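Read the structure below first, then the notes.
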Amino acid sequence: MASTDASIMIDIPLRCSPKAMCDKRMAAGEAFGASELRLADWLVDRQKAIGRTALYHMGVCRFLLEAVSAPFARAAMVQVAQVERLTCREETEKAKKTKARDSWILFVLICLNFFSCQFGHGSNIGVAVSLPGNSKAMNLALGSWVMVGVCLGLPLTPWACRTFGEFNVVIVCTILDVIAMLLMTVPGITIHQIYAVRFLVGFFEAPFLPYLQKWLSKHGCNNWNFMNTTLHAMVPLGENVGFIVAQELVNAGFHWKWAFVGQAAVFGVTALMCLAYGGRQYLELSDDRTDSEEDLEKPTGEVEYPSTERWGVYWATNVSLAAQLGFLGGCRYVIRDYATSRGFGLHLVLCTFSLIALIGPALGGSIAMSGSVVQPDKWSQHRRTLIFLASVSSMAAILASILPYVSSTFFWPALFLTFCIAGGVYPAAQGIIQIALTRSRVIEASVYQVQCNNLLFAMPMPYGIGIAMDSWSIGASFRLVALFQVMAAAGFSLAVLSADWGEQRSTWNRLTSPQDTASLLEEGKSPNVELMNVSDTVAKEERNHVHQGH
């Protein structure tokens, strides 16, 4: 009778969570080894853990119920446990592959969504340089008001995320951002009303980049370098496409409002697709996760963070990158008037510059992204990355300085080479900035970065360039923009010095700390070993200099 009851219970399909299933399967062998009693209960528990009808080993189960000899029963139950362990591992690997596939699909949708955001900023610049009027400063101020909104929205982002959750904040801001985009299509909108609309767009888009950086740190650890570079490549790509589309619409006799209609459509559709495909499982960034979810998210190529915050390296790199972006973005404001003043046609200027701004940084960024030269996501390689940044930015600064004096024949090739070299700066500097403040401050690092860029260059630069174009010649305005590249090169050189000084100070504090000295003595090591190694290195260098002198 017991055999019949147990067989009936085995045939009943039951459901259980994957984590509980794995835990019970892994404990199967140990559970039986502890006791041979209540065999039918154990089989029912196995059936619950499996979560499906146990027909594939019914013969083994019936043998267990009818067995008289305990050794045979033990051997059969071990076979069942081994089958369950193998099934558990297979399901875990399958879950990891499914999670990786879903993350990649969602990442593509996020890139399209982020591209549409940057398309709107580029269209805004295209509208600014195309508007009629005698004041360039008033027209170019359109770009400044977007950054004013971002600057006011960013300080509220950490508080809002802590209070309401990142997922809820991004959902609400996405809905309001679509509404703000559509306000650009209001008939008869004036320049001052456009200021207000662009302010709202910047304010509602402020949480997006910090959220995306944290999303990458959670779902893109295995491919962080590639994903981070690709995501930020949407900035120049979207801005340049929007820059062309807005001006070509005006030149073709259409209204520039259609550019913002298309932006709102793409932005809204991709946001809905992200929500429908990912849901809270992939878009919620809270740390309330089960052990099985944490196991699935363990990366094979972890991003390396420093043990403590490196504020000196962070701010030196941050300010330098802001100057670098000031050069790349500032060229977009002056190139139309500057190139036409040198005799180039308008369509040639728009197409050639847009291709240069797209292809040049992409080629340079691919070098930093490949990992063959530098690894920006590894803090152990940060000094090498900083030297790379100082070198390439210095080469770009030399080329930018001679651009105003290059003949018209070589102007576009020289500008392309400048953008290509300068393009390697962005992904490498972005990696240093995102990891320099440790894993726990990824969102803060992103907020500080965007705020620094906005306050120093992105917000005042459009209006400042407009004043320069109204007051000075277009050639002087172009040289002012080239000066930003020189400032970036000087800043990255300072970042290298800051890294060296920080390492020396850290070593000195470690050597002179009584606590560290005591711990070294307890381990049987001399606290002066590191100092002796430094002294030996200095002595070897002095001997080499003496031999070279002879």
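Heads up: the sequence shown at position 461 corresponds to 979 in our numbering, and the numbers run straight through without jumps. Backbone N, C-alpha and C define an ideal beta-carbon position, used for all residues, glycine too. Here the structure is a predicted model, which means the values were calculated and not measured.
- DSSP places Leu-843 within a helical segment (H, G or I) once states are collapsed to three.
- Of all C-beta pairs linking the stretch 782-796 to the stretch 633-651, three or more are shorter than 8 Å, placing the two stretches in contact.
- Counting along the chain, Val-779 sits inside the alpha helix (DSSP H) bounded by residues 775-801.
- Below 8 Å, too few C-beta pairs join the stretch 977-992 and the stretch 674-694 to call them touching: fewer than three.
- Shown here for Glu-802: same chain residues with a beta carbon closer than 6 Å to its own, the five before and five after excluded, namely Phe-685 in chain order.
- Beyond the five residues adjoining it in sequence on each side, Ala-841 comes within less than 8 Å, by CB distance, of Leu-974, Phe-975, Phe-1002, Gln-1003, Met-1005, Ala-1006 and Gly-1009 in the same chain, given in chain order.
- Counting the other CB atoms within 10 Å of its CB gives Gly-797 a total below 16, which places it among the exposed residues.
- Met-745: member of the alpha helix (DSSP H) spanning 742-769, first to last residue.
- Each residue's CA atom was taken as its position, placing Phe-717 and Ala-1000 some 28 Å apart.
- Only residues of its own chain outside the window of five on either side were considered, and among them Cys-629 have a CB closer than 7 Å to the CB of Thr-748, listed in chain order.
- A distance below 7 Å between beta-carbons, with the five flanking residues on each side excluded, links Val-753 to the following residues of its chain, in chain order: Gln-636.
- In the three-state reduction of the DSSP assignment, Thr-826 falls in the coil class, being assigned neither a helical nor a strand state.
- In the pairwise beta carbon analysis, the stretch 962-971 is classified as touching the stretch 662-681: at least three pairs are separated by under 8 Å.
- In this chain, the alpha helix (DSSP H) harbouring Ala-908 covers 900-920.
- For Tyr-944, the enclosing alpha helix (DSSP H) covers residues 943-953.
- With a beta-carbon spacing of about 17 Å, Arg-860 and Val-647 fall beyond the 8 Å limit used to define contacts.
- Looking only at Ile-712, Asn-642, Asn-743 and Thr-692, the smallest Cα-Cα distance to Phe-726 is reached by Thr-692.
- Under the three-state reduction of DSSP output, Leu-1012 falls in the helix class.
- One alpha carbon belongs to Lys-617, the other to Pro-945, and they sit about 26 Å apart.
- Here DSSP, grouped into helix, strand and coil, assigns Gln-711 to helix.
- Going by C-alpha positions, Ala-724 is about 8 Å away from Gly-667.
- Nearest C-alpha to Met-913 among Val-664, Ile-939, Lys-732 and Leu-873: Ile-939.
- Counting along the chain, Trp-677 sits inside the alpha helix (DSSP H) bounded by residues 674-682.
- Boundaries cannot be given for Ala-976, as no alpha helix (DSSP H) includes it and DSSP labels it neither H nor E.
- One Cα belongs to Trp-622, the other to Asn-740, and the distance between them is close to 11 Å.
- Rounded to the nearest whole angstrom, the C-alpha separation of Gly-638 and Glu-757 is 7 Å.
- In the structure shown, Leu-624 falls within a helical segment according to DSSP collapsed to helix, strand and coil.
- The beta carbon of Ala-986 sits closer than 6 Å to the beta carbons of Ser-995 and Leu-998 from its chain, once the five residues preceding and following it are set aside; these are given in chain order.
- Contact between the stretch 821-837 and the stretch 941-959 is present, with at least three C-beta pairs closer than 8 Å.
- Between Val-892 and Phe-871, the CB-CB gap reaches or exceeds 8 Å.
- Contact check for Ala-764 and Ser-662: beta-carbon distance about 17 Å, past the 8 Å limit, so the pair fails to qualify.
- In the three-state scheme derived from DSSP, where H, G and I count as helix and E and B as strand, Val-688 is classed as helix.
- A distance of 8 Å or more separates the beta carbons of Phe-934 and Arg-850.
- An exposed status is given to Ala-770, since fewer than 16 other beta-carbon atoms sit within 10 Å of its beta-carbon.
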